[in-house]
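Trainee:
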């Protein structure tokens, strides 16, 4: 293994971890958009559309060759954009209306298990005791961090089904991205077409007038929206997709489970939310699972 590739393999777990941390910061932006009167799916539309525009313009100006794709590979990007980003967001928000936020979040974090199973069949990734233990810790930690323990369960068959659908859609990004990477596509190419198709899919589903009024209200709201797209989407999806070149899908999905931990810590330090003992235990469990996966990738 050459020095450059060895260094990339060493840095890849940290890159995936950074993606989870950045995704966890999304609550800062979502709260502000909620204050401005926007609903969840409208925020998804902003995220997808602005990200698509930034990436496509950037590649058009500086790396035009990365926009070239083969028609026979179009299914990879339809998979990441429609089957993953759009489908998982729709199912996730639908689950919240049918159950509760904590139940929806826990069902979403069945994704690492789904990634591990699919990757075993599709890419020959092996199960081992360390990875399975890390998966158990990560999922258990997410259950505690999201506050499901001690809360009143509001379960419906439809809610469970859409929640598992959200987890499945979330898992599909790793799967379709892996196929695209194996076909030789750059991380930026994958991201650009992912969010192009996600944007085209979500636009008909939302009321666009209020989005435009909020985003174009002032130079500050325009800047806020650009920062939102870069911090919550462009950077994390880039480092996550890059990391997938050197980290197995299953391990990457567990590493990214740091997202709810980051969201919880932001709530404590920025919004002065109280943290319970079960939530603290959950944070520790997720962090231990991250250490296990990081060591495994480094061995």
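Residue numbers (my numbering): 377 to 675.
Where a beta carbon is used, it is the ideal one built from N, C-alpha and C, also for glycine.
Per DSSP, what kind of secondary structure is residue 660 in: helix, strand or coil?
Mentor: Translated into positions along the chain shown, residue 660 becomes position 284. In the structure shown, residue 660 sits in a helix (DSSP, three-state: H, G or I).
Trainee: Apply the 10 Å Cβ neighbour rule to residue 534 and answer buried if 16 or more other Cβ atoms are within range, or exposed otherwise.
Mentor: Start at 1 with the first residue of the chain shown, and residue 534 comes out as number 158. That one is exposed.
Trainee: Should the stretch 605-617 be regarded as contacting the stretch 479-491, the criterion being three or more beta carbon pairs within less than 8 Å?
Mentor: Short answer: they don't touch.
Trainee: The alpha helix (DSSP H) with residue 489 in it runs from where to where?
Mentor: For the purposes of this step, residue 489 is identified with residue 113 of the chain shown, where counting begins at 1. Taken as a continuous stretch (DSSP letters only), the alpha helix (DSSP H) holding residue 489 covers 487-499.
Trainee: Assign residue 350 to buried or exposed, taking buried as 16 or more other Cβ atoms, counted over all protein chains shown, within 10 Å of its Cβ.
Mentor: Since the first residue shown for the chain is 377 and the last is 675, residue 350 is missing from the structure and cannot be characterised.
Trainee: Please report how far the alpha carbon of residue 590 lies from the alpha carbon of residue 413, in whole angstroms.
Mentor: Sequence index remark: in the chain shown, residue 590 carries index 214 (1-based). Sequence index remark: in the chain shown, residue 413 carries index 37 (1-based). Distance between the alpha carbons of residue 590 and residue 413 is about 8 Å.
Trainee: Give the secondary structure of residue 503 by DSSP, where H, G and I count as helix, E and B as strand, and everything else as coil.
Mentor: Working through the chain shown from its first residue, we reach residue 503 at position 127. Coil.
Trainee: Check whether the stretch 651-661 and the stretch 513-520 touch, using three or more Cβ-Cβ pairs below 8 Å as the test.
Mentor: Taking 8 Å as the limit for Cβ pairs, the verdict is that the stretch 513-520 does touch the stretch 651-661.
Trainee: Helix, strand or coil for residue 613 per DSSP?
Mentor: Position 237 of the chain shown, counted from the first residue, corresponds to residue 613. Of the three classes helix, strand and coil, the one that applies to residue 613 here is helix, per DSSP.
Trainee: Beta-carbon within less than 7 Å of residue 618's beta-carbon, same chain only, minus the 5 sequence neighbours each way: which residues are those?
Mentor: For this step, residue 618 is matched to residue 242 along the chain shown. Answer for residue 618: 391 and 563, listed in chain order.
Trainee: Going by CA-CA distance only, name the one from 476, 472, 498 and 512 that's closest to residue 489.
Mentor: The count along the chain shown starts at 1 and reaches residue 489 at position 113. Residue 512 is the option with its Cα nearest to residue 489.
Trainee: Alpha carbon to alpha carbon, how far is residue 649 from residue 643? Give it in angstroms, no decimals.
Mentor: In the chain shown, the residue the question calls residue 643 occupies position 267. In the chain shown, the residue the question calls residue 649 occupies position 273. Taking the straight line joining both Cα atoms gives about 5 Å.
Trainee: Using only the alpha-carbon positions, how far apart do residue 537 and residue 582 sit?
Mentor: In the chain shown, residue 537 corresponds to position 161, counting from 1. In the chain shown, residue 582 corresponds to position 206, counting from 1. Residue 537 and residue 582: Cα-Cα distance of roughly 23 Å.
Trainee: Assign residue 445 to one of three DSSP states: helix, strand, or coil.
Mentor: Here residue 445 corresponds to residue number 69 of the chain shown, with the count starting at 1. Of the three classes helix, strand and coil, the one that applies to residue 445 here is coil, per DSSP.
Trainee: Along the chain, which unbroken stretches of the alpha helix (DSSP H) at least 4 residues long are found entirely within the stretch 567-637?
Mentor: 584-591, 595-605, 611-619 and 625-631, all fully within the stretch 567-637.
Trainee: What are the boundary residues of the alpha helix (DSSP H) that includes residue 401?
Mentor: Within the chain shown, the letter at position 25 stands for residue 401. Where residue 401 is concerned, there is no enclosing alpha helix (DSSP H), given that its DSSP letter is neither H nor E.
Trainee: Considering only residues of the same chain and omitting the five flanking positions on each side of residue 418, which have a CB-CB separation below 8 Å?
Mentor: As a first step, residue 418 is located in the chain shown; it is residue number 42 there, counting from the start. Excluding positions up to five away in sequence, the list reads 409, 582, 583, 586 and 587.
Trainee: Please work out which residues of its chain come closer than 6 Å, Cβ to Cβ, to residue 729, disregarding the five sequence neighbours upstream and downstream, and give them in chain order.
Mentor: There is simply no residue 729 to check, as the chain begins at 377 and stops at 675 in what is shown.
Trainee: With DSSP as the reference, label residue 670 as helix, strand or coil.
Mentor: If you number the chain shown from 1, residue 670 lands on position 294. Note: residue 670 maps to helix in three-state DSSP.
Trainee: Classify residue 509: buried if its beta carbon has 16 or more other beta carbons within 10 angstroms, exposed otherwise.
Mentor: For the purposes of this step, residue 509 is taken as residue 133 along the chain shown, with counting starting at 1. So residue 509 counts as exposed.
Trainee: Does any C-beta atom of chain D lie closer than 8 Å to the C-beta of residue 422?
Mentor: Going by chain labels, chain D is absent from the structure shown, which holds only one protein chain.
Trainee: Taking the alpha-carbon positions, what's the residue 575 to residue 385 distance?
Mentor: Locating residue 575 in the chain shown gives position 199, where the first residue counts as 1. Locating residue 385 in the chain shown gives position 9, where the first residue counts as 1. Looking at the two C-alpha atoms, the distance is approximately 32 Å.
Trainee: Return the CA-CA distance between residue 570 and residue 456, expressed in angstroms with no decimal places.
Mentor: By 1-based counting over the chain shown, the position of residue 570 is 194. By 1-based counting over the chain shown, the position of residue 456 is 80. Their backbone Cα atoms lie some 5 Å apart in a straight line.
Trainee: Using the three-state DSSP reduction, which class does residue 546 fall into: helix, strand or coil?
Mentor: Locating residue 546 in the chain shown gives position 170, where the first residue counts as 1. Here residue 546 sits in helix by DSSP.
Trainee: DSSP three-state call for residue 469: helix, strand or coil?
Mentor: In the chain shown, residue 469 corresponds to position 93, counting from 1. In the structure shown, residue 469 sits in a helix (DSSP, three-state: H, G or I).
Trainee: How many whole angstroms separate the CB atoms of residue 596 and residue 400, which I take to be in contact at a CB cut-off of 8 Å?
Mentor: As a first step, residue 596 is located in the chain shown; it is residue number 220 there, counting from the start. As a first step, residue 400 is located in the chain shown; it is residue number 24 there, counting from the start. At roughly 24 Å, the Cβ-Cβ gap does not stay under 8 Å, so residue 596 and residue 400 are not in contact.
Trainee: Report the rounded CA-to-CA distance for residue 567 versus residue 416, giving the unit in angstroms.
Mentor: Position 191 of the chain shown, counted from the start, is the residue given in the question as residue 567. Position 40 of the chain shown, counted from the start, is the residue given in the question as residue 416. Their Cα atoms are separated by approximately 21 Å.
Trainee: Run through DSSP, which three-state label would residue 707 get?
Mentor: A question about residue 707 goes unanswered here, because the residues of the chain that appear run from 377 up to 675.
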